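J.: If you're matching them up, the sequences are chains A and B in order. Numbering of the first sequence is given in the numbering used here, commencing with residue 32 and proceeding in unit increments. Numbering of the second sequence is given in the numbering used here, commencing with residue 5 and proceeding in unit increments.
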Amino acid sequence: MNLISQHLPILQIVVPMVAAPLCIILRRRQLVWILAVVVAWTCLAMAGGLMLQVLSQGPISYHLGGWAPPWGIEYRVDAVNAFVLILVSLIGAVVLLYAPASIAAELPEARASLFYTAYLLCLTGLMGMTITGDAFNVFVFLEISSLSMYALIGMGTDRRALTASFQYLIVGTIGATFFVIGIGLLYMMTGTLNMADLAERLQPVMHTRTVLAAFAFLTVGLSLKLALFPLHLWLPNAYTYAPSVVTAFVAATATKVSVYVFLRFFYGIFGREYAFDTLHLEYFLVPLGLAGVFVASTVAVFQTNLKRLLAYSSIAQVGYMVVGIGLVSVTGLTATLVHLFNHAVMKGALFLALGCIVMRLGTVELSELRGIGKRMPVTMAAFVFGGLSLIGVPLTVGFISKWYLVSAALERGWWPVAVLILLGSLLAVAYIWKVVETAYFHEPEGKAAQATEAPLSMLIPTWILIGATLYFGATATFTAGLARAGAEALMGGLAR
Amino acid sequence: MTPGLINYWVVVFLMMTGFYVVMSTSNLVKKMVGLTLFQTSVFILYITMGKISGGTAPILAAPGTSYSNPLPHVLILTAIVVGIATTAVGMALIIRIKEAYGTIEDDEILLADQA
């Protein structure tokens, strides 16, 4: 037991990574699913264990293969990434419970075991990006998660899934290459790849143009990955045409982990003084974040495909997170971190609810969904609660995020930003209301009239996430407390 | 232009060529060619920064011999694997796109989707 708890950081990555090829060997759909579920829930348990260790003993530094940093690769777990780890593994575990019924409806049977392989690899990559303390290691895990994500998205039944996946592959690779150029330039100046060591050795060479170039490459590369407006063009198609399970998993985790890496690099490695006091990254982040909120929400209002509508809403929500980063205060970062968790939970639940509709109707076009609220009441109730949370109604997690964000903006004295954040929520009211109106205020007709409620194996995971949306909305002490601890660590110059 | 910087000029030239190809061509295979070129330029960037003038290859040598930094080479080995995986996934997608649309031209795919 002691041995396991000692090696938890590496087990967190190795267990899903080893299980992925096992899925191909096992082949039988049921067996593979059981293996994947066991692995994903084990990951969640390990993430919880790591969080307990961090809370009781402070940050964990794990040396891969016993090689001491800065020479060896270090896995470093602190309050911030333990929080993100729990988030990623929670979503990964809950979505897997939902997967078998949904992929039986959407994927050919032969692809099922391959689906779980790619899914576990993607989970590995995302958790690896989160846990590692080595800059180049982030790139490797970023590519592991991205490559498996391209494969997952390409599994969609519509042929446009293929072009969406290809488009994402091109943009994602450009983003990742920019990222690796940035790391290369940093390595050139410092001779180290360990994040904590980088932060220290960068100080004397901060003024050089090479570091400035590295900063620029990293900013653009990561902004592509986290879909910051106007670099979000890959996202809507990818989310729309991917299988429902994939959309729910990717939408809830991928951009969030990129936001975390962004925080780690700009607050942890470059440091607040350089990124914000000298270069004033906030004048770049806050306007683009707000523009993202408004443009994406406005586009969402006019969408007729619900998956695409929620995809645009995701871009808007990333905008809020970026605004939180740009406010450069403990409250602002708390807002970003808490919104990471909150948005993942509610968007995951919303996409899972859409997956139930896809299963029964084969479409999420708004025109086909008239009166669906009367035929699939449990699914649509989940959608409504998720939607309320997107708007930011009190007693949902969305409210907690907006509360912190608005108070951070006021703290900084940027009241126009606070006003714009609230106006952005009104746009969310518009696009959620459109769905509610169609689903509840029409008599069921066409396909919707024949629809029956989705199976329990899909409803339960959806409602677990909705339950989390409401529970953490009512008592935010757990999430907000962890987010605040993380935010304080980041503001204090995490790595030093 | 000092001779010491020639590698970096090559890197920038290759990088921008690849980037331009990715953005300008509508043929998906050519896009992959551009993307590979773009990635490869980064390999040269890393290898270049590991070079020490007068240094030999980092293989067992007499003590006191100066040798190139092997770490960038190792990193690039990893990056090459990543690059190959990307190309493989991209090509696989192109094959499926060709099966589904009967073309690998971006503009024709767009037209087929609008129809």
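Virtual Cβ for every residue (Gly too), placed ideally from N, Cα, C. Small disclaimer: the values here were computed from a predicted structure and weren't measured.
Contact between the region 175–188 of chain A and the region 142–160 of chain A is defined here as three or more beta-carbon pairs at a separation below 8 Å; is this criterion met?
T.: Touching, per the Cβ criterion.
J.: Spatial neighbours of R107(A) within its chain, please: CB distance less than 6 Å, with the 5 preceding and 5 following residues excluded, ordered by chain position.
T.: S92, G164, listed in sequence order.
J.: Return the CA-CA distance between A482(A) and L42(A), expressed in angstroms with no decimal places.
T.: The alpha-carbon atoms of A482(A) and L42(A) are separated by roughly 44 Å.
J.: Check each candidate in Q37(A), M77(A), P90(A), Q61(A) and name the one with the smallest Cα separation from G517(A).
T.: Among Q37(A), M77(A), P90(A), Q61(A), the Cα nearest to that of G517(A) belongs to P90(A).
J.: In the DSSP assignment, find the beta strand (DSSP E) that holds R107(A) and state where it starts and stops.
T.: Counting along the chain, the beta strand (DSSP E) containing R107(A) begins and ends at 105–108.
J.: Going by CA-CA distance only, name the one from L487(A), F372(A), G402(A) that's closest to F509(A).
T.: The candidate whose alpha carbon is nearest that of F509(A) is F372(A).
J.: With distances taken between CB atoms, is the gap from L264(A) to A244(A) smaller than 8 Å?
T.: No, they are not a contact pair.
J.: Counting only Cβ-Cβ distances shorter than 7 Å, please list the residues of the region 15–36 of chain B near chain A, keeping chain order.
T.: Against chain A - using a Cβ distance shorter than 7 Å - the residues of the region 15–36 of chain B are V26, L32, K35.
J.: What does I101(B) reach in chain A if we use C-beta pairs closer than 7 Å?
T.: Per Cβ cutoff of 7 Å: L193, T194, F197.
J.: Kindly list the residues whose CB is nearer than 6 Å to the CB of R191(A), restricted to its own chain and excluding five residues on each side of it in sequence; keep chain order.
T.: So the list reads Y272, once near-sequence residues are dropped.
J.: Count the other CB atoms, across all protein chains shown, that sit within 10 Å of the CB of Q334(A); report buried if there are 16 or more and exposed otherwise.
T.: It is buried - the Cβ of Q334(A) has at least 16 other Cβ atoms within 10 Å.
J.: Using the beta-carbon count (16 or more within 10 Å), is A92(B) buried or exposed?
T.: Flag for A92(B) reads exposed.
J.: List the residues of chain A that D117(B) touches, going by C-beta distances under 7 Å, in chain order.
T.: In chain order: R191.
J.: Under the rule that 16 or more other beta-carbon atoms within 10 Å means buried, what is A65(B), buried or exposed?
T.: Under this definition A65(B) is an exposed residue.
J.: Let's see if you can read the secondary structure: which residues bound the beta strand (DSSP E) around I91(A)?
T.: Here the beta strand (DSSP E) through I91(A) covers 91–94.
J.: Could you tell me which residues DSSP puts in a beta bridge with Y71(B)?
T.: Answer is T60(B).
J.: Which residues share a DSSP beta bridge with E109(B)?
T.: Answer is N31(B).
J.: Interface residues of chain B around T208(A) at Cβ under 7 Å?
T.: Going along chain B in sequence order, the residues near T208(A) (Cβ under 7 Å) are F42, Q43, V46.
J.: For A439(A) versus G320(A), is the C-beta distance shorter than 8 Å?
T.: It is not a contact, given that the beta carbons lie outside the stated cut-off.
J.: Would DSSP call D189(A) helix, strand or coil?
T.: Note: D189(A) maps to coil in three-state DSSP.
J.: For the region 287–317 of chain A, which residues have a beta carbon sitting closer than 8 Å to at least one beta carbon of chain B?
T.: Going along the region 287–317 of chain A in chain order, one finds no residue with a Cβ nearer than 8 Å to chain B.
J.: I'd like to know whether the C-beta atoms of G59(B) and S70(B) end up nearer to each other than 8 Å.
T.: Yes.
J.: Does chain B have any CB closer than 8 Å to the CB of M219(A)?
T.: For M219(A), the answer is yes, since a Cβ of chain B falls inside 8 Å of its Cβ.
J.: I'd like to know whether the C-beta of G185(A) is nearer than 8 Å to at least one C-beta of chain B.
T.: With 8 Å as the cut-off, G185(A) counts as an interface residue toward chain B.
J.: Among W72(A), P139(A), G187(A), which one has its Cα closest to the Cα of I101(B)?
T.: Ranking W72(A), P139(A), G187(A) by Cα distance to I101(B) puts G187(A) first.
J.: Out of P447(A), N336(A), L441(A), G323(A), which one is the CA nearest neighbour of K465(A)?
T.: K465(A) has its Cα closest to that of N336(A), out of P447(A), N336(A), L441(A), G323(A).
J.: Would Y129(A) pass as an interface residue toward chain B - the criterion being a Cβ-Cβ separation below 8 Å?
T.: Output row for Y129(A): interface = no.
J.: With 8 Å set as the bound, which would you pick, yes or no: does the beta-carbon of A470(A) sit closer than that to a beta-carbon of chain B?
T.: Chain B contact via Cβ: absent.
J.: Run through chain A and tell me which residues come within less than 7 Å of T82(B), C-beta to C-beta.
T.: Within 7 Å Cβ-Cβ: V171.
J.: Is L178(A) near T40(B), with beta carbons less than 8 Å apart?
T.: Going by C-beta atoms, L178(A) is not nearer than 8 Å to T40(B).
J.: I think L383(A) touches Y129(A), with their Cβ atoms under 8 Å apart; what is that distance to the nearest whole Å?
T.: With 8 Å as the limit, L383(A) and Y129(A) qualify as a contact, their Cβ atoms being about 6 Å apart.
J.: State yes or no: is the C-beta of A327(A) within less than 8 Å of the C-beta of I346(A)?
T.: It is a contact, given that the beta carbons lie within the stated cut-off.
J.: Going by beta carbon distance, what residues of the same chain come within less than 6 Å of V115(A), once the five residues before and after it are set aside?
T.: Within the same chain, V115(A) has close Cβ partners T161, Y291.
J.: Please confirm if the region 224–241 of chain A is in contact with the region 93–112 of chain A, defined as three or more CB-CB distances below 8 Å between the two stretches.
T.: Judged by Cβ distances under 8 Å, the region 224–241 of chain A makes contact with the region 93–112 of chain A, as three or more pairs qualify.
J.: Between V78(B) and A166(A), what straight-line distance do the alpha-carbon atoms span, to the nearest angstrom?
T.: Computed Cα separation, rounded: 14 Å.
J.: Could you compute how far the alpha carbon of I10(B) sits from the alpha carbon of S57(B)?
T.: Cα-Cα distance, rounded: 14 Å.
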